[in-house]
Amino acid sequence: MSDKRVLTGITTSGSPHLGNYVGAIRPAVRASLEPGVQSFYFLADYHALIKVGEPARIQRSTLEIAATWLAAGLNPDKVVFYRQSDIPEIPELTWLLTCLTGKGLLNRAHAYKAQVDKNLGSGHDADAEVTAGLFMYPVLMAADILMFKAHRVPVGRDQIQHIEMARDIAASFNHLYGELLVLPEAQVEASVATLPGLDGRKMSKSYDNTMALFAPREVLRKQIAGLITDSRAPGEAKSTEGSALFDIYQAFASEAQTQAMREAFAQGISWGEAKNQLFDCLDAEIAPMRASYETLMAHPQRLEEILQAGAHKARLLATPYMAQLRSSVGLRPLQQATAQTSKAATKVVLPQVKQYKDKDGLFYVKLVDWQGRLLLQSLGFEHPREAALLVDGLQHGDTEALKLHAHRLVPVEPALQPALEHALKTLRLPKIA
Ligand code: TRP
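In our numbering, the protein residues as written are 16 to 448.
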């Protein structure tokens with residue numbers, strides 16, 4: 016599997032709005048069509064539990080978001096599309112990572128710090144309303160990413176720190192247990208605009224200024240009518256700079272349409288007319304998707320089946336990988352423990368004695384230590400039998416054999432003498448089966 020793996024999660028804590036569509040869903044669906052990319056998209060419902068304590072809302076949001084992604088063109092046969100809580104390996108990996116994540120690292124997480132600052136600012140206890148879930152958020156997110164060996168993680172700027180933490184955590188794991196985890200990179204689309212909301216600030220649930228993506232047409236029309244503008248009258252030239260209306264239009268229009276709207280602004284198009292054009296432009300893109308969204312929403316069983324199929328695909332990767340990770344940290348069958356330790360020891364610690372035939376037709380012997388340093392090099396032997404005797408001696412760490420062959424050996428560099436002695440001693444140790 017040489018493809019680049021791209022993974023991203025969507026927290027199931029609300030209803031998808033236009034800002035989500037332009038900033039995340041649309042670019043992700045487009046990226047999933049690129050060749051040479053293996054994409055993973057998942058519904059981060061464990062993350063949603065951190066913020067939402069209403070079971071019905073969690074379920075409703077999961078349904079809406081799943082339907083939205085599919086309606087927006089995500090092809091579940093081509094990508095791995097699943098629900099986080101269907102993958103028990105994710106919380107399992109979370110614990111392994113928790114045990115090597117510094118508390119100090121988590122103290123620096125923006126979301127946690129913001130809550131603490133807010134508390135202190137309002138004279139409350141620093142940890143008021145801070146759950147351990149909020150504190151652990153970055154570790155769960157690291158597990159999401161590392162579980163599927165993602166190379167790239169497309170996210171908004173606010174999430175970059177989380178990806179960096181996932182890298183740090185992965186590096187700690189690899190340092191302790193071997194290079195098993197892939198270090199991910201954040202991918203922030205410079206070209207993807209953040210959409211302004213109804214009040215002109217960034218469209219966001221937390222500002223309560225969002226426009227629903229799949230609201231009925233008439234609701235969309237009303238929302239557009241309520242979009243904030245300035246008080247310039249029809250006929251007066253209008254500025255595109257800082258105009259939420261223009262920015263939203265641009266996110267959906269072709270370049271030619273955008274250019275035409277820019278000119279219309281300069282020529283004093285009325286806000287009412289500009290809003291009509293914005294509605295037409297949005298609805299042209301949204302209407303077909305809205306139809307399939309409504310069909311999917313009416314068939315939750317169908318969505319559930321798609322998610323189960325996705326979970327099955329995801330677990331085909333996660334289950335064996337998790338077994339490997341468990342074993343690497345020492346959670347493994349008892350009979351396996353000794354075997355694995357000795358295998359690692361042979362591979363890593365033992366020096367290697369090698370015999371080879373060179374271009375000159377002669378047979379040579381060399382001793383290389385576990386770091387790949389050449390400790391001993393013989394001159395050429397005419398007969399393989401002679402070389403084999405030296406090999407045998409070295410493999411037993413036999414210093415007598417060395418003395419015997421001294422005249423056939425390249426003198427050892429003094430700096431490597433201690434390493435050679437250590438290597439011979441290692442070779443003399445009783446071998447573990
Ligand atoms: N924290 C992300 C957000 O709020 C959602 C998320 C959860 C995520 N796990 C992830 C994103 C893993 C990317 C990769 O937007």
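Note that CB positions come from ideal geometry on N, CA and C, so glycine has one too.
{"Item": "heavy atom of the ligand TRP below 7 Å from Gly88 C-beta", "Value": "no"}
{"Item": "Cβ pair Tyr379, Ser393 closer than 8 Å", "Value": "yes"}
{"Item": "Beta-carbon spacing of Ala186, Pro153 below 8 Å", "Value": "no"}
{"Item": "Own chain, CB closer than 6 Å to Glu204, minus 5 neighbours either side, in chain order", "Value": "Pro42"}
{"Item": "Beta-carbon gap between Ala82 and Tyr222 smaller than 8 Å", "Value": "no"}
{"Item": "Extent of the continuous alpha helix (DSSP H) run through Ser307", "Value": "Trp286 to Met312"}
{"Item": "Supposed contact pair Ala63 and Ser54 - C-beta distance, whole angstroms, cut 8 Å", "Value": "Between Ala63 and Ser54 the Cβ distance is about 21 Å, and since that is not below 8 Å, they are no contact."}
{"Item": "Limits of the unbroken beta strand (DSSP E) element including Leu58", "Value": "Val52 to Ala59"}
{"Item": "Close-in-space but distant-in-sequence residues of the same chain around Gly292 (CB under 6 Å, 5 per side omitted)", "Value": "Before going on, a small fix: residue 292 reads as Gln here, not Gly. Nothing meets the Cβ criterion."}
{"Item": "Cutoff 8 Å; reference Lys19; Cβ partners in own chain excluding five residues on either side", "Value": "Gly51, Val52, Gln53, His166 and Arg167"}
{"Item": "First through last residue of the alpha helix (DSSP H) which encompasses Phe96", "Value": "No alpha helix (DSSP H) contains Phe96, which is instead part of the beta strand (DSSP E) from Val95 to Arg98."}
{"Item": "Leu419, DSSP secondary structure in three states", "Value": "helix"}
{"Item": "Same chain, Cβ closer than 6 Å to Leu228, neighbours up to 5 away in sequence not counted", "Value": "Pro31, His32, Leu33 and Tyr36"}
{"Item": "Exposed unless 16 or more other CB atoms sit within 10 angstroms - verdict on Ala354", "Value": "Legend: pLDDT at Ala354 = 49, less than 50; position of this residue unreliable, value from coordinates given subsequently. Label assigned to Ala354: exposed."}
{"Item": "Gly395 and Asp373 closer than 8 Å at C-beta", "Value": "yes"}
{"Item": "Outcome for Gln316 when other beta-carbon atoms lying within 10 angstroms are tallied against a minimum of 16", "Value": "exposed"}
{"Item": "Sufficient close CB pairs (3 or more, under 8 Å) joining the stretch 170-178 to the stretch 324-332", "Value": "no"}
{"Item": "N-terminal and C-terminal residue of the alpha helix (DSSP H) that Tyr192 is part of", "Value": "Ile175 to Tyr192"}
{"Item": "Minimum C-alpha distance to Phe163 - residue among Thr113, Asp132, Tyr264 and Thr23", "Value": "Thr23"}
{"Item": "One or two residues paired with His139 in a DSSP bridge", "Value": "Bridge partners of His139: none, in fact."}
{"Item": "Leu391 burial status per 10 Å Cβ neighbour count (16 or more: buried)", "Value": "buried"}
{"Item": "Whole-angstrom distance between Lys93 and Ile178, CA atom to CA atom", "Value": "25 Å"}
{"Item": "Assigned exposure category for Thr109 - 16 Cβ within 10 Å defines buried", "Value": "buried"}
{"Item": "Which listed residue (Glu401, Gln410 and Leu431) has its alpha carbon closest to that of His420", "Value": "Glu401"}
{"Item": "Nearest-angstrom Cα separation, counted from Cys296 out to Gln282", "Value": "20 Å"}
{"Item": "Beta-carbon proximity check, Gln238 vs Leu260, cutoff 8 Å", "Value": "no"}
{"Item": "Environment of Lys362 [buried if 16+ CB atoms lie within 10 Å]", "Value": "At Lys362, the pLDDT of 43 sits below 50, so the modelled position is not reliable and the matter cannot be decided from this model."}
{"Item": "Contacts around Gln367, its chain only, beta-carbon distance under 7 Å, and the 5 residues preceding and following it disregarded", "Value": "Val383"}
{"Item": "Where Leu391 sits in the DSSP three-state scheme", "Value": "strand"}
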